[in-house]
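J.: The listed protein sequences derive, respectively, from chains A and B.
In terms of this note's numbering, the first sequence opens at residue 79 and continues consecutively.
In terms of this note's numbering, the second sequence opens at residue 79 and continues consecutively.
Once you've had a glance at the structure underneath, I'll fire off some questions.
Number of protein chains: 2
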Amino acid sequence: MARSSQTEMAVLGGLSIEPMTAYALREAIRDVLGHFWSESFGQIYPTLNALEEAGHVRREGGPRARSSVYALTPSGLARLRDLLAEPVQEAQPRNGLLLRLFFGRVLGRDRCLELLRDARDRARAQLGEYEGMLAQLTATEGHTPDWPYMRLTLLAGIHQCRAGVAWADECLTTLEGDPTP
Amino acid sequence: MARSSQTEMAVLGGLSIEPMTAYALREAIRDVLGHFWSESFGQIYPTLNALEEAGHVRREGGPRARSSVYALTPSGLARLRDLLAEPVQEAQPRNGLLLRLFFGRVLGRDRCLELLRDARDRARAQLGEYEGMLAQLTATEGHTPDWPYMRLTLLAGIHQCRAGVAWADECLTTLEGDPTP
DNA sequence: ACCTGCATGTAAGTCGTTACATGATTGA
DNA sequence: TCAATCATGTAACGACTTACATGCAGGT
Chain A
79 MARSSQTEMA
89 VLGGLSIEPM
99 TAYALREAIR
109 DVLGHFWSES
119 FGQIYPTLNA
129 LEEAGHVRRE
139 GGPRARSSVY
149 ALTPSGLARL
159 RDLLAEPVQE
169 AQPRNGLLLR
179 LFFGRVLGRD
189 RCLELLRDAR
199 DRARAQLGEY
209 EGMLAQLTAT
219 EGHTPDWPYM
229 RLTLLAGIHQ
239 CRAGVAWADE
249 CLTTLEGDPT
259 P
Chain B
79 MARSSQTEMA
89 VLGGLSIEPM
99 TAYALREAIR
109 DVLGHFWSES
119 FGQIYPTLNA
129 LEEAGHVRRE
139 GGPRARSSVY
149 ALTPSGLARL
159 RDLLAEPVQE
169 AQPRNGLLLR
179 LFFGRVLGRD
189 RCLELLRDAR
199 DRARAQLGEY
209 EGMLAQLTAT
219 EGHTPDWPYM
229 RLTLLAGIHQ
239 CRAGVAWADE
249 CLTTLEGDPT
259 P
């Protein structure tokens, strides 16, 4: 068994795009899924070993080679399908920014304004990045069957950022106009 | 030392609103901070004990009483201020819905459409709840100095939900119109 | 008499990160 | 030759959840 079905899903899914080394897999997860997923080495290596033992991935190059490429087997693809079909399990929310703002009376209004301005600026910067990535992706339309699905996740990031900017702006306006210190 | 500064922050913050029992604290965190924070009993009790030992909270009623109320001490308030001023540490993102959609080619278009419709409906329902809560909160304007800060976090939820609905709608339109199976 | 809700805690287990240890390859 | 990057793994630790164990109070 892999460490968790969520990690297993990300690993099998990554290999369903194309075979690669554990190292490349981690980079791909960081660079491509980065805005909605993350895995660390400490998860990826044990998971790959477990998946190999279960016959869900095939290791080419062997453990002694300087680099081994993992590829999905038919049973691995079936396993991925099963995992993807499982109900979505939401992580319980933990938003450090909102926690600090909620206790804003203790933190002080000025600090809250700083936090909000910061959040807005980061959301704006992030939005620019996503829009650039979307433009790049749009240029390669049709190159891969994964294209429409990759686009979905980028759009999610874009909508989130826009909402973040709008929220921070609205809050800044009301808080700045507030006479109470 | 408490288990983690994040849990400590939530616990001290809760008691900064008003003194209460561990049980009530957990309920308050679930009901009031629920849309952006969560803590379980297994975290709250040990944290309260550690905080009492450190002198940051005072326990009234003692461990033998059927119910003991915890109150913030001056040093606890100072500790809370320090914690709130610490830089926000973002949890690494883990969005199970987006992970599934990203591998949508394997999952199948129909399943993806289901997921999106479901996400949209849940976002809509959630939005209604938040708007109700905001109306309720607006009615008690000025009753507590925490008011403007509570409002911020509710607004965040509302903006998030609206973005979620708009995103799902946009994705549904493009995916449904897509001829590729 | 019994059930529900309030209340307090512990223990085991899962999940995940971080730091450490190691070594090959490649380009400056 | 030296640094950076690619590459593979392990061990220790930390955080958090879940399930369990217990008991009182109040209403039906």
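Don't be surprised by glycine CBs; every beta carbon is placed ideally from N, CA and C.
If you're wondering where the values come from, they're calculated on a predicted model, not measured in any experiment.
In whole angstroms, give me the CA-to-CA distance for A169 of chain A and Q170 of chain B.
T.: 11 Å
J.: Compare the C-beta of T168 of chain A with all C-beta atoms of chain B and state if any pair is closer than 8 Å.
T.: Before going on, a small fix: residue 168 of chain A reads as Glu here, not Thr. Closer than 8 Å: yes.
J.: Does any CB atom of chain A fall closer than 8 Å to the CB of M79 of chain B?
T.: No answer about M79 of chain B holds up, because its pLDDT of 43 lies below 50 and its placement is not dependable.
J.: Note down, in chain order, every chain A residue with its Cβ under 7 Å from the Cβ of V89 of chain B.
T.: Correct list: empty, because the minimum Cβ distance to chain A is about 11 Å.
J.: Can you tell me where the alpha helix (DSSP H) with R137 of chain B in it begins and where it stops?
T.: Looking at the DSSP string, R137 of chain B is not in any alpha helix (DSSP H); the run it does join, the beta strand (DSSP E), is V135 to E138.
J.: For E207 of chain A, is the classification buried or exposed, using 16 other Cβ atoms within 10 angstroms of its Cβ as the cut-off for buried?
T.: exposed
J.: Rounded C-beta distance between A234 of chain A and L176 of chain B? I'm assuming under 8 Å.
T.: 6 Å
J.: Put T99 of chain A into one of helix, strand or coil per three-state DSSP.
T.: coil
J.: Grab me the residues of Y123 of chain A's own chain with a C-beta within less than 8 Å of its C-beta, minus the 5 sequence neighbours each way, in chain order.
T.: If we look at Y123 of chain A and ignore the five residues flanking it on each side, its Cβ neighbours are A100.
J.: Taking the Cβ atom as the reference point for each residue, do L230 of chain B and L215 of chain B lie within a distance shorter than 8 Å?
T.: no
J.: Interface residues of chain A around V184 of chain B at Cβ under 8 Å?
T.: G91, S94, L155, L158, R159 and L162
J.: State the start and end residues of the unbroken beta strand (DSSP E) segment that holds L150 of chain A.
T.: V147 to L150
J.: Measuring straight from C-alpha to C-alpha, what distance separates R245 of chain A and R195 of chain A?
T.: The sequence given here places Trp at residue 245 of chain A; Arg does not occur at that position. C-alpha separation (whole angstroms): 11 Å.
J.: Compute the beta-carbon to beta-carbon distance between S94 of chain A and L155 of chain A, rounded to the nearest angstrom, for a pair I have assumed lies under 8 Å.
T.: 7 Å
J.: Quick check: is the beta carbon of S83 of chain A nearer than 8 Å to any beta carbon in chain B?
T.: Closer than 8 Å to the CB of S83 of chain A there is not a single CB belonging to chain B.
J.: If we define contact as Cβ-Cβ less than 8 Å, is D256 of chain B a contact residue for chain A?
T.: yes
J.: Is the CB of H134 of chain B under 8 Å away from at least one CB in chain A?
T.: no
J.: Are there three or more Cβ pairs, one per stretch, closer than 8 Å when the stretch 114-121 of chain B is compared with the stretch 85-92 of chain B?
T.: yes
J.: What three-state label does DSSP hand Q121 of chain B in the structure shown?
T.: helix
J.: What in chain A is Cβ-close to S116 of chain B, meaning under 8 Å?
T.: Q170, P171 and R172
J.: Can you list, in chain order, the residues of its chain with a C-beta nearer than 6 Å to that of S153 of chain A? Leave out the 5 residues immediately preceding and following it.
T.: Cβ within range, chain order: G133 and H134.
J.: How is E219 of chain A classed by DSSP in three states: helix, strand or coil?
T.: Three-state DSSP puts E219 of chain A in coil, outside helix and strand.
J.: What residues in its chain sit with their C-beta under 8 Å from that of R202 of chain B, if we drop five residues either side in the sequence?
T.: Within its own chain, the residues whose Cβ lies closer than 8 Å to the Cβ of R202 of chain B, once the five positions on either side in sequence are excluded, are C239 and V243, listed in chain order.
J.: Can you list, in chain order, the residues of its chain with a C-beta nearer than 6 Å to that of H221 of chain A? Leave out the 5 residues immediately preceding and following it.
T.: none
J.: Check whether the Cβ of H221 of chain A lies closer than 8 Å to any Cβ atom in chain B.
T.: No, H221 of chain A lies away from the interface with chain B (no Cβ there is under 8 Å from its Cβ).
J.: By Cβ distance, which residues of its chain are closer than 7 Å to R157 of chain A, with the 5 residues on each side in sequence left out?
T.: So the qualifying residues of the chain are L90 and H134.
J.: Does the beta carbon of E209 of chain B come closer than 8 Å to any beta carbon on chain A?
T.: no
J.: Does the beta carbon of D224 of chain B sit closer than 8 Å to a beta carbon anywhere in chain A?
T.: Chain A contact via Cβ: present.
J.: Assign D247 of chain A to one of three DSSP states: helix, strand, or coil.
T.: DSSP, reduced to helix, strand and coil, places D247 of chain A within a helical segment of the structure shown.
J.: Considering only residues of the same chain and omitting the five flanking positions on each side of L205 of chain B, which have a CB-CB separation below 6 Å?
T.: C239
J.: With 16 other CB atoms within 10 Å as the buried threshold, where does T251 of chain A fall?
T.: exposed
J.: Please list the partners that A234 of chain B has in chain A, where partner means a Cβ-to-Cβ separation under 7 Å.
T.: L176 and W245
J.: Roughly how many whole angstroms lie between the Cα atoms of G139 of chain A and E96 of chain A?
T.: Approximately 16 Å, taken between the alpha carbons.
J.: E131 of chain A to V147 of chain A, Cα distance in whole Å?
T.: 15 Å
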